[in-house]
Amino acid sequence: MTISSPADTVVRNCVVRTMDASQPEADSLAIADGKIVYVGPSSGLNSYVGPATRTVDLGGKTVLPGLMDVHNHHAIAGQHEAELQFPAESSVSEICTAVTAWIRQHPEDKWVLGSKVGSQLLGELQQGDALRQLDAASGDVKVLLTTDCHHNKWANSAALAAGGIDASTPNPDDGEIVRDASGQPTGLLYEGGARSIIRALEKDTDPSAALEAAKKASAAGIRTMHQMGITGFLDAACGASTLRGLKALDDAGALKIHACSSMLINDRIFGNDQLGTALFALQDDVRGTHHRPDFAKIFLDGVPMSYTGAFLEPYTQPTGGEGHCCVRGHTTMPYEELEGWLLRCAERGINVKIHCTGDAAVRFVLDAVERVRAAGHRDAIFHVAHGQFVHPADIGRFAPLGVVADISPPLWFPGAITDAMAAVRSPEEMRRFHPNAELLAAGATLAAGSDWPVMPDPNPWTGIASLVTRKDPSGERTDALNEDQSIDLEQAVRAYSINVARALGLDKVTGSLERGKSADFVVLDRDPFSVPIGKVAGTQTEQTWFAGERVYARE
1 MTISSPADTV
11 VRNCVVRTMD
21 ASQPEADSLA
31 IADGKIVYVG
41 PSSGLNSYVG
51 PATRTVDLGG
61 KTVLPGLMDV
71 HNHHAIAGQH
81 EAELQFPAES
91 SVSEICTAVT
101 AWIRQHPEDK
111 WVLGSKVGSQ
121 LLGELQQGDA
131 LRQLDAASGD
141 VKVLLTTDCH
151 HNKWANSAAL
161 AAGGIDASTP
171 NPDDGEIVRD
181 ASGQPTGLLY
191 EGGARSIIRA
201 LEKDTDPSAA
211 LEAAKKASAA
221 GIRTMHQMGI
231 TGFLDAACGA
241 STLRGLKALD
251 DAGALKIHAC
261 SSMLINDRIF
271 GNDQLGTALF
281 ALQDDVRGTH
291 HRPDFAKIFL
301 DGVPMSYTGA
311 FLEPYTQPTG
321 GEGHCCVRGH
331 TTMPYEELEG
341 WLLRCAERGI
351 NVKIHCTGDA
361 AVRFVLDAVE
371 RVRAAGHRDA
381 IFHVAHGQFV
391 HPADIGRFAP
401 LGVVADISPP
411 LWFPGAITDA
421 MAAVRSPEEM
431 RRFHPNAELL
441 AAGATLAAGS
451 DWPVMPDPNP
461 WTGIASLVTR
471 KDPSGERTDA
481 LNEDQSIDLE
491 QAVRAYSINV
501 ARALGLDKVT
511 GSLERGKSAD
521 FVVLDRDPFS
531 VPIGKVAGTQ
541 TEQTWFAGER
551 VYARE
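For the record, in the sequence shown the residue sitting at position 530 is 530 according to the UniProt record's numbering, with numbers rising by one throughout.
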């Protein structure tokens, strides 16, 4: 047999689920120069085997395309690995104990940074007693803790003082300094309320170490994603340091993942100064072989738990709370400004992801995209993130406008965050929460993500399993959330693979196992399509391959 183009690697004896509708299954792959040159039955594999070809026998294991994450904050998650971490279920007392222990173990630290403060504590943190407990636990050390949604902070008195926050400090336009009945700050800071503290933290940080810290944070995040079988992602909110860190890794040949990034247009929560066109000016300089800074990010509203999500109908009065009747939340910019940004980005070839937790914000985006499309910009990609609350009248608008439904994080099953949302939104709205099945039925592209570190890890199988069951895959909760919005397993896997590739403009490059695409695939410990749905969430990654190179192997 004549071998015209021998492969570098052939992979055989496996069950290949391609996510390619024209050839859904195969049992072997051939790879050359990082690309797939053959996918099909083993009977056709021998013509790709030459003297130097490596053969990988997978012993019947299942292979899927490399999984993808349409929405995460990988560098922040990587940074968190070096910070205090505690479960979101922790009480105020347990958090304070953890803070004290951290200070004892790290006596040289000027600051304690940590997460996650659970949303169920927001009511308690609005009272002065919680701050007094935190102050007693921390003394003069400055403490800044992040909530589970990552939009709000809880600071001790030392950190408040560092940020110049006291009873006389006015609320910023884009946030709130929560106060007790006497008008004193409680340490709870909504959205942009923490910005001055973040500035104080930056002043205490050595700027010469910024690039190395950014590289280290990104590398840590990518290692974790490889362990989860992820070979492509979009970081949903990048400042200059993260962009430069990814470029530096790429230049060093260490960026073994399809890394897309969203350049921040506005920033209520991360404290970046360089925004919008100032970041766009870096786009060409930070682009690399595997780093694609092709997106911009707009925060159009906040989150429901702090009454900052923008809704068509008012918030409900929380139990025991006051002052939030008839409040609908508001967008961070007027409609005209949003439309202007989308038009300018489309003209520059920049795609845009827009954070929308409320249905009013979603409608704003759809209206603006309609105008952008009418202006002739058919190729620009727009994402509505997070797609949790969508008015029924707007569900059918996604597909004809070419708007991607970025569903992240996986909150389509019961948990602390959904409970916190249910406390401030109507039962009718919660019955429509995460209308994934309706969006799919209407032809929308459903692309899934983790919003990690909002979720404790970026494990796609948590989301895949619960997209099918609408139940907590850990089993801690047995109730379901809107089972009528369940989708099937193949649709769920596609939402974490080819649909993400399409949402990132990479569907000609990756997302499915087809000839000519990058050889990005994951080897699993089970075939999720052959086990009971209750076993799917426990799926483990055995190997992760990127561009024909094995980048992770389970020990």
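Just so you know, even glycine gets a beta-carbon here, dropped at the ideal spot from N, CA and C.
Around the CB of Gln485, 16 or more other CB atoms lie within 10 Å, so the residue is classed as buried. A straight-line Cα-Cα distance of about 34 Å links Asp57 and Asp235. Distance between Asn499 and Ala447, taken at the CA atoms: about 5 Å. Distance from the Cα of Cys96 is smallest, within the candidate group Ala82, Glu108, Val112 and Glu81, for Val112. Excluding residues up to 5 positions away in sequence, Ser466, Thr469, Arg470, Lys471, Asp472, Pro473, Arg477, Ala480 and Leu481 lie with their Cβ nearer than 8 Å to the Cβ of Phe413 in the same chain. The Cβ-Cβ distance between Val10 and Thr53 falls below 8 Å. Collapsing the DSSP output to three states places Pro24 in coil. Between the alpha carbons of Arg244 and Val286 lies a gap of roughly 6 Å. Distance from the CA of Arg268 to the CA of Val509, rounded to the nearest whole angstrom, comes to 34 Å. Closest option to Gly59, judged by alpha-carbon separation, among Pro87, Asp27 and Glu83: Asp27. Rounded to whole angstroms, Asn272 and Lys153 show a C-alpha spacing of 16 Å.
About 36 Å separates the beta carbon of Ser497 from that of Leu121, a gap too long to meet the 8 Å contact definition. Straight-line measurement puts the Cα of Ala420 at about 36 Å from the Cα of Ala346.
Apart from sequence neighbours up to five positions away, the residues of its chain that approach Val15 with a beta-carbon distance below 8 Å are Glu25, Asp27, Gly60, Lys61, Thr62, Val63 and Asp527, ordered along the chain. Each of Thr242, Gly175 and Asp8 was checked against the Cα of Pro51, and the nearest Cα belongs to Asp8. Ranked by how close their Cα comes to the Cα of Ile298, the residues Val365, Tyr307, Tyr315 and Pro87 have Val365 in first place. Look at the beta carbons and you see the region 524 to 540 not touching the region 255 to 270: under three pairs across the two are nearer than 8 Å.
The DSSP assignment places complete beta strand (DSSP E) segments of no fewer than 3 residues inside the region 271 to 318 at 291 to 299, in order along the chain. At a cut-off of 3 residues, the continuous stretches assigned as beta strand (DSSP E) that sit fully inside the region 240 to 272 are 258 to 264.
Distance from the CA of Asp359 to the CA of Gly253, rounded to the nearest whole angstrom, comes to 42 Å. Counting only runs of 4+ residues, the alpha helix (DSSP H) found wholly inside the region 73 to 129 occupies 74 to 80, 92 to 105 and 122 to 125, in chain order.
Here Thr224 carries a helix assignment [DSSP, helix/strand/coil]. When Lys116, Ala77 and Asn459 are compared, the shortest CA-CA separation from Ala219 is found for Ala77. For the pair Ala167 and Gly183, the CB atoms are nearer than the 8 Å cut-off. 8 Å or more divides the Cβ of Cys149 from the Cβ of Ser196. Judged by beta-carbon spacing, Lys35 lies within the 8 Å limit of Ser518, meaning their Cβ atoms are closer than that value. Residue burial annotation: Glu483 is exposed, with fewer than 16 other C-beta atoms found within 10 angstroms of its C-beta. Val390 has its alpha-carbon roughly 29 Å from the corresponding atom of Ser512. Shown here, Pro185 sits in a strand according to DSSP, grouped into three states. DSSP places Cys238 in the strand class (E or B) of the three-state scheme. Within the same chain, Val92, Ser93 and Cys96 come within 8 Å of Gln133 by CB-CB distance, once the 5 residues on both sides are set aside. At a Cβ-Cβ threshold of 8 Å, Phe529 and Leu489 count as neighbours.
Gly396 is the residue among Asn459, Gly396, Asp457 and Trp452 whose C-alpha sits nearest the C-alpha of Pro435.
The three-state reading of DSSP puts Ile381 in coil, since its state is none of H, G, I, E or B. Taken through DSSP and simplified to helix, strand or coil, Gln543 comes out as strand. Residue nearest to Asn72 within the set Gly449, Thr544 and Lys535 is Gly449 (criterion: CA-CA distance).
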